[in-house]
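Take a look at the structure set out below.
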Amino acid sequence: MPDKALLTFVLGGARSGKSSHAETLVTVYPAPWVYIATAQAYGDEMRERIALHRARRLDGWQTVEAPLDVADALAAVPEGRPVLLDCLTLWLSNHMLAEHEVETESHRLADVLSRPRGPWFVVSNEVGLGIVPDNALARKFRDAAGRLNQAVAAVSDSVVFMVAGLPMRVK
Amino acid sequence: MPDKALLTFVLGGARSGKSSHAETLVTVYPAPWVYIATAQAYGDEMRERIALHRARRLDGWQTVEAPLDVADALAAVPEGRPVLLDCLTLWLSNHMLAEHEVETESHRLADVLSRPRGPWFVVSNEVGLGIVPDNALARKFRDAAGRLNQAVAAVSDSVVFMVAGLPMRVK
Amino acid sequence: MPDKALLTFVLGGARSGKSSHAETLVTVYPAPWVYIATAQAYGDEMRERIALHRARRLDGWQTVEAPLDVADALAAVPEGRPVLLDCLTLWLSNHMLAEHEVETESHRLADVLSRPRGPWFVVSNEVGLGIVPDNALARKFRDAAGRLNQAVAAVSDSVVFMVAGLPMRVK
Numbered sequence: 183m184p185d186k187a188l189l190t191f192v193l194g195g196a197r198s199g200k201s202s203h204a205e206t207l208v209t210v211y212p213a214p215w216v217y218i219a220t221a222q223a224y225g226d227e228m229r230e231r232i233a234l235h236r237a238r239r240l241d242g243w244q245t246v247e248a249p250l251d252v253a254d255a256l257a258a259v260p261e262g263r264p265v266l267l268d269c270l271t272l273w274l275s276n277h278m279l280a281e282h283e284v285e286t287e288s289h290r291l292a293d294v295l296s297r298p299r300g301p302w303f304v305v306s307n308e309v310g311l312g313i314v315p316d317n318a319l320a321r322k323f324r325d326a327a328g329r330l331n332q333a334v335a336a337v338s339d340s341v342v343f344m345v346a347g348l349p350m351r352v353k
Numbered sequence: 183m184p185d186k187a188l189l190t191f192v193l194g195g196a197r198s199g200k201s202s203h204a205e206t207l208v209t210v211y212p213a214p215w216v217y218i219a220t221a222q223a224y225g226d227e228m229r230e231r232i233a234l235h236r237a238r239r240l241d242g243w244q245t246v247e248a249p250l251d252v253a254d255a256l257a258a259v260p261e262g263r264p265v266l267l268d269c270l271t272l273w274l275s276n277h278m279l280a281e282h283e284v285e286t287e288s289h290r291l292a293d294v295l296s297r298p299r300g301p302w303f304v305v306s307n308e309v310g311l312g313i314v315p316d317n318a319l320a321r322k323f324r325d326a327a328g329r330l331n332q333a334v335a336a337v338s339d340s341v342v343f344m345v346a347g348l349p350m351r352v353k
Numbered sequence: 183m184p185d186k187a188l189l190t191f192v193l194g195g196a197r198s199g200k201s202s203h204a205e206t207l208v209t210v211y212p213a214p215w216v217y218i219a220t221a222q223a224y225g226d227e228m229r230e231r232i233a234l235h236r237a238r239r240l241d242g243w244q245t246v247e248a249p250l251d252v253a254d255a256l257a258a259v260p261e262g263r264p265v266l267l268d269c270l271t272l273w274l275s276n277h278m279l280a281e282h283e284v285e286t287e288s289h290r291l292a293d294v295l296s297r298p299r300g301p302w303f304v305v306s307n308e309v310g311l312g313i314v315p316d317n318a319l320a321r322k323f324r325d326a327a328g329r330l331n332q333a334v335a336a337v338s339d340s341v342v343f344m345v346a347g348l349p350m351r352v353k
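Residue numbers (this note's numbering), protein chains in the order written: chain A, 183 to 353; chain B, 183 to 353; chain C, 183 to 353.
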């Protein structure tokens, strides 16, 4: 199905409806759908958030937890199968906390995403539109997230920016 | 006037020209216009900001102060009268400071807004496009504001996102 | 060349590809191009950032450092010559640190920019889409940056908002 080998990038702020919108887009394709989750259940707040995300997904989903090895998880997905990868900024944060070289990891991931083998949907947060953070680590994360988002947007067939649950077409 | 029963949602960042743009839109309709103000004059900075907002509005406006009871204020507006509700994020913040159940309040308000009885214009801040705040209360507010904005955008006839004083049509 | 006397405003978040996009736009015109740099090399992080920006620019550029006197720098540019002014928020920050009257300075700059004498491109950061900063100075900066961006957008012939390296047309 070469016409279905497309990368769609859904970018937006916190609580902008990114995941819901991406789920709507992916489930247009026939099940099963692969959900690649990058979230790690650190702390109550995050655990609750993951549980909420899970509760929204019904049968038909195959969940793969990949807090770090997203490229490997994508490599293991069968040809033509729809994928929802949610989300890039958590993945980046996991690599940063693990003190990995995030530029190298980001380039590797963008390279894998540039060759989708089915209808792949990637979710990420835009974090660069506030005031410059006081914290040096937060500034480093913000820069790395911006560069990763640019790299993924560059290889995407379609890019949408979510505003209050509504998609704006960027590419 | 069923053709004038429309909800318009004006969303944007700090100093993005949201209020001015919404005022321009509402004053296309004949006066009087109802201005529902959610601001509370806590502290000098806010008092100055409210005074500036007031100074911009001339005759023809009926001001209703509703830091919490916006649904009641809307219910009291005569049929067909143009309304400017400014702004949802301050209203949400007032409820959060009062330790009210913000999800319930948000659903109630979105429900009232889903049945406009005239040309109603609602202003809100987008606050989710920066780095994750350190502060748990700020994160909770950011999530609640995002959900409220989604709920209101979903029932709006028209949604604009303000960028440097210019409206981008989202819906 | 009256058809080339146009002001283009490139606005976006951190690492959104603003400078690269503006460079692509300006270099469509024949060299030499004037690069008006507002950055000051305070601290290692900023020095590194400036060095990176410089390394991207090749021959054909005339660099003018103008951390404060951008209006003078613009006045000195020959008629018809392409200009890249990068960026307004750093310029504003420099004036704020110098305790200058930023509203006056902003109006003066917007006035000069309203009469471009060639294809002029101006880069600025959008900083108002996060949570309200705790810090009063950060709030003041955010407000001043929002007002400056509105004033420049108002006199621009073209305004783009960058999302993950991709331009969205606003005006």
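Glycine included, C-beta positions come from ideal geometry on N, C-alpha and C.
Quick caveat, the model's predicted, so the values are computed rather than measured.
- In the displayed model, B:GLY328 falls within a helix according to three-state DSSP.
- At a cut-off of 9 Å, the C-beta of B:MET278 has no neighbouring C-beta in chain C.
- Residues of the stretch 296-311 of chain B with a Cβ closer than 7 Å to any Cβ of chain A, in chain order: GLU308, GLY310 and LEU311.
- For the pair B:TRP243 and B:HIS282, the Cα-to-Cα distance works out to about 30 Å.
- Taken in chain order, the complete beta strand (DSSP E) segments of 3 residues or longer contained in the stretch 264-310 of chain A are 265-268 and 301-307.
- Here C:GLY262 is exposed: its Cβ has fewer than 16 other Cβ atoms, across all protein chains shown, within 10 Å.
- If you look at A:VAL252, you'll find it isn't in any beta strand (DSSP E); it sits in the alpha helix (DSSP H) that goes 252-257.
- The Cβ of C:LEU193 sits closer than 9 Å to at least one Cβ of chain B.
- Burial check for B:SER288: the Cβ neighbour count within 10 Å reaches 16 or more, so the residue is buried.
- When secondary structure is reduced to three states using DSSP, A:THR206 falls in the helix class.
- Under the DSSP assignment, B:PRO349 falls in the beta strand (DSSP E) whose first and last residues are 348-351.
- The alpha-carbon separation between A:LEU266 and C:PHE343 amounts to approximately 27 Å.
- Chain order gives the chain B residues near A:LEU348 as ALA335, VAL341, VAL352 and LYS353, where near means a beta carbon separation below 7 Å.
- In the three-state reduction of the DSSP assignment, C:VAL341 falls in the strand class.
- In the structure shown, B:VAL216 falls within a strand segment according to DSSP collapsed to helix, strand and coil.
- Only GLY195, ALA196, ARG197, SER198 and GLY199 from the stretch 194-205 of chain A bring a Cβ to less than 7 Å from some Cβ of chain B.
- In this chain, the beta strand (DSSP E) harbouring A:GLU247 covers 243-247.
- Closest option to A:VAL345, judged by alpha-carbon separation, among B:LEU256, B:ASN331 and B:PRO349: B:ASN331.
- Counting the other CB atoms within 10 Å of its CB gives B:LEU234 a total below 16, which places it among the exposed residues.
- Contact of B:PRO315 with chain C by beta-carbon distance below 7 Å involves ILE313.
- By the Cβ-count criterion, B:GLU285 is exposed, with fewer than 16 other Cβ atoms from all chains shown falling within 10 Å of its own Cβ.
- Using a Cβ distance threshold of 9 Å, C:THR220 and C:PRO264 do not count as a contacting pair.
- The continuous beta strand (DSSP E) containing A:GLY194 extends over residues 188-194.
- Beta-carbon to beta-carbon, C:PHE191 and C:SER338 are separated by about 4 Å, close enough to satisfy the 8 Å threshold.
- Taking 9 Å as the threshold, the shortest C-beta distance from C:ARG324 to chain A falls below it.
- Contact check between the stretch 320-327 of chain A and the stretch 194-202 of chain B: fewer than three CB pairs, one atom from each, fall below 8 Å, which does not count as touching.
- Shown here for A:MET350: same chain residues with a beta carbon closer than 7 Å to its own, the five before and five after excluded, namely VAL342 and PHE343 in chain order.
- Residue-level contact check: A:ALA292 does not touch chain C, since none of the beta carbons of chain C fall below 9 Å from its beta carbon.
- Using a CB distance cut-off of 9 Å, C:GLY328 counts as an interface residue toward chain B.
- Neighbours of A:ALA320 across chain B, judged by C-beta separation under 7 Å: ILE313.
- Under the criterion of beta carbons closer than 8 Å, C:LEU188 and C:SER340 qualify as touching, at roughly 7 Å.
- For A:GLY312 against B:GLY199, the beta-carbon gap comes to about 18 Å, at or over 8 Å, which does not count as contact.
- The C-alpha of B:PHE303 is placed about 12 Å away from the C-alpha of B:LYS186.
- The beta carbons of C:LEU274 and C:ALA326 sit closer together than 9 Å.
- In its chain, beyond the 5 residues on either side, VAL246 have a beta carbon closer than 8 Å to the beta carbon of B:ALA258.
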